[in-house]
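Trainee:
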DNA sequence: TTGACAAACCTGGTATGCCAGATACAATAA
DNA sequence: TTATTGTATCTGGCATACCAGGTTTGTCAA
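Chains as they are written, first to last, in the working numbering: chain Y, 207 to 436; chain S, 207 to 436.
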């Protein structure tokens, strides 16, 4: 056997378009657009200079971002970051509820006991009485996010994962803004535990229902308390 | 008042890119890709000649179609029409079930009695004993499709409509291929009537459950009987 | 000072040319 | 004949020039 060099295959897949897409999506989703009162405008030529590529890959990335609903281009006016309305946010949360509910159903049918057990570990450290989630909102918020992502992943349905990927960006932002209100963190962890218990018991109908209701509660909360959304 | 010509405003919104996108999507989705055994390859330059525009709007349209999962471009190889696997089809049907189930829930909460009553009229002519759906599969298939579209629309949730738009293209094709099997048409109309009755009674939980189960049944049927899918 | 109006510029849309990788095929050597 | 290699050709990725419509700005008359 001849000695061979260990070479990694060159990443021939990531074109400038793909890189620009990820860079722009990252940039757009990392700013809290609901905190800025004025609308944000993007400039193709400026971005192409900043990223060091021509306008073509920038435009193709913008095409993708527009289809995903993150930006809106007005011909000869400019490209603008989209601010979701309260109605749209609620609709997205409702869809999220339906998809996560389906994920819970699929988990009871197909996931292994070990996988389900792994969900509990996400909340290790938040269950003792002396360590209430209110005191560590950021940490709990992260665990919260990981829980919902894990549910989607364990479902084994890639289509759910794909469809929730962009919803998640918006729902996550809303969750983070509302987690501190109305004792939601403590109530949230109770809901999560009940969902996990239903999954462990393979109670398909209950798990499905609890997962749906948990997220529909968020929708109702946003309806009542998020007047800062237009 | 001076006489004026009746002129329609020029459709300044539909760019070549948008027109190319719709033309290509129409062309791709109208061919039954599962009937052709060989993979279908698209050529940017050929298409730009056929549509009479340059490659740029073609490329941007392709970018959109690729993100929607209808085509896949391999650099310096070509652009290929995507053939969904059986696994992917089932996943899409499951997602459809979750979204239509949510739509049924929302209808019981927000739709008017008149809107719900309109669902029955879609099946006028298929309910008499002498006019069984089996004898008119094409007509029934159309009514079937309109029923599911109406459910989505009546939900009032635009996000559901957007997310099911592309799923529908695939699910529709599968429904049409399976409607003639296994007495599915007759059983389907029974399911639909039960769903309508639950909606009329504003039975949220039942309508939600029936709508979900009706489509999950399709998923189970595909799992068992659609071996022609890869 | 203020209003209208025109010129300069800015912006996204489109066409086009070039590039490098991939392929097909012919030429060549074993 | 068969394996190999070189070359012509084809393909999508990218850069760039130009266009038309919109905006801004500045000038000038009232």
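Glycine included, each C-beta is placed from N, C-alpha and C at the ideal position. Treat the numbers as computed from the prediction; the structure is a model and nothing was measured.
1) From residue 249(Y) to residue 267(Y), what does the alpha carbon distance come to, in whole angstroms?
2) According to DSSP, residue 247(S) sits in a beta bridge with which residue or residues?
3) Quick one: which residues of the stretch 344-371 of chain S get their C-beta closer than 7 Å to a C-beta of chain Y? List them in chain order.
4) Taking only runs that begin and end inside the stretch 382-416 of chain S, name each unbroken alpha helix (DSSP H) of 4 or more residues, in chain order.
5) Please name the residue or residues paired with residue 280(Y) in a DSSP beta bridge.
6) Less than 7 Å between C-beta atoms, sequence neighbours within five positions excluded: which residues of the same chain meet that for residue 401(S)?
7) Please name the residue, chosen from 431(Y), 433(Y), 425(Y) and 432(Y), that lies closest to residue 302(Y) on a Cα-to-Cα basis.
8) Beta carbon of residue 305(Y), beta carbon of residue 369(Y): below 8 Å?
9) Checking contacts by CB at 8 Å: is residue 232(S) closer than that to chain Y?
10) Does the separation of the CB atoms of residue 257(S) and residue 264(S) fall below 8 Å?
11) So, helix, strand or coil for residue 365(Y), using DSSP?
12) Residues of chain S with CB closer than 9 Å to the CB of residue 419(Y), please, in chain order.
13) The ligand GDP and residue 303(S): does the residue's C-beta get closer than 7 Å to at least one heavy atom of that ligand?
14) By Cβ distance, which residues of its chain are closer than 6 Å to residue 208(S), with the 5 residues on each side in sequence left out?
15) Assign residue 238(Y) to buried or exposed, taking buried as 16 or more other Cβ atoms, counted over all protein chains shown, within 10 Å of its Cβ.
16) May I ask you to report which of helix, strand or coil DSSP gives residue 236(Y)?
17) Might you give, ordered along the chain, the residues of its own chain that have their beta carbon closer than 8 Å to the beta carbon of residue 432(Y), omitting 5 neighbours on each side?
18) Going by the beta-carbon positions, is the gap between residue 279(S) and residue 272(S) smaller than 8 Å?
19) I want to know whether the stretch 315-326 of chain Y touches the stretch 345-360 of chain Y - three or more CB-CB distances under 8 Å.
20) Nearest CA to the CA of residue 396(S): which residue from 355(S), 329(S), 386(S) and 373(S)?
21) By Cβ distance below 7 Å, which residues in the same chain neighbour residue 345(S) in space, the five residues on each side in sequence not counted?
22) Can you list, in chain order, the residues of the stretch 379-391 of chain S whose Cβ is nearer than 9 Å to any Cβ on chain Y?
23) Taking Cβ positions only, does residue 502(S) come closer than 8 Å to chain Y?
24) Which of helix, strand or coil does DSSP assign to residue 301(Y)?
25) By the three-class DSSP mapping on this structure, what secondary structure does residue 435(Y) have?
26) May I ask you to list, following chain order, the residues of the stretch 286-313 of chain S that have a beta carbon less than 8 Å from some beta carbon of chain Y?
27) Tell me where the alpha helix (DSSP H) around residue 321(S) begins and ends.
28) Within 10 Å of its beta-carbon, does residue 315(S) have 16 or more other beta-carbons around it, so buried, or fewer, so exposed?
29) How big is the Cα-Cα spacing for residue 236(Y) and residue 378(Y)?
30) Once DSSP output is grouped into helix, strand and coil, what is the label at residue 274(S)?
31) Given that residue 273(S) touches chain Y, what residues does it touch there, using C-beta distances under 7 Å?
32) Which residue from 230(S), 428(S), 307(S) and 372(S) puts its Cα closest to that of residue 398(S)?
33) So, with DSSP's three-state summary, where would you put residue 254(S)?
34) Taking 8 Å as the CB-CB cut-off, is residue 266(S) touching chain Y?
35) With a threshold of 8 Å on Cβ separation, who are the neighbours of residue 390(S) within its own chain once the five nearest residues in sequence on each side are excluded?
36) Taking the alpha carbon of residue 372(Y) as the reference point, which residue from 435(Y), 386(Y), 290(Y) and 353(Y) has its own alpha carbon closest?
Mentor: Working from what's here:
1) 13 Å
2) 286(S)
3) 363, 364, 365, 366 and 369
4) 390-406
5) 284(Y)
6) If you ignore the 5 residues before and after residue 401(S), its C-beta comes within less than 7 Å of the C-beta of 310, 413, 416, 417 and 420, all in its own chain and listed in chain order.
7) 425(Y)
8) Yes, these two residues count as a Cβ contact at 8 Å.
9) no
10) yes
11) helix
12) Per Cβ cutoff of 9 Å: no residues; residue 419(Y) is ~11 Å from chain S at best.
13) As presented, the structure is devoid of all ligands, the ligand GDP included, so that no description of it is given.
14) With a pLDDT of 38 at residue 208(S), under the threshold of 50, the modelled position of this residue cannot be trusted; read the value that follows with caution. Within the same chain, residue 208(S) has no close Cβ partners at all.
15) exposed
16) Residue 236(Y): helix per DSSP, three-state reduction.
17) 292, 295, 380, 383 and 384
18) Their beta carbons are under 8 Å apart, which means residue 279(S) touches residue 272(S) by this criterion.
19) yes
20) 329(S)
21) none
22) none
23) Only positions 207 to 436 of chain S appear in this structure, which leaves residue 502(S) out of reach.
24) helix
25) coil
26) 294, 297, 298, 300, 301, 303, 304, 305, 307, 308 and 312
27) 319-327
28) exposed
29) 12 Å
30) Of the three classes helix, strand and coil, the one that applies to residue 274(S) here is coil, per DSSP.
31) 270 and 273
32) 307(S)
33) helix
34) yes
35) Once the five neighbours on either side are set aside, the close Cβ partners of residue 390(S) are 384 and 427.
36) 290(Y)
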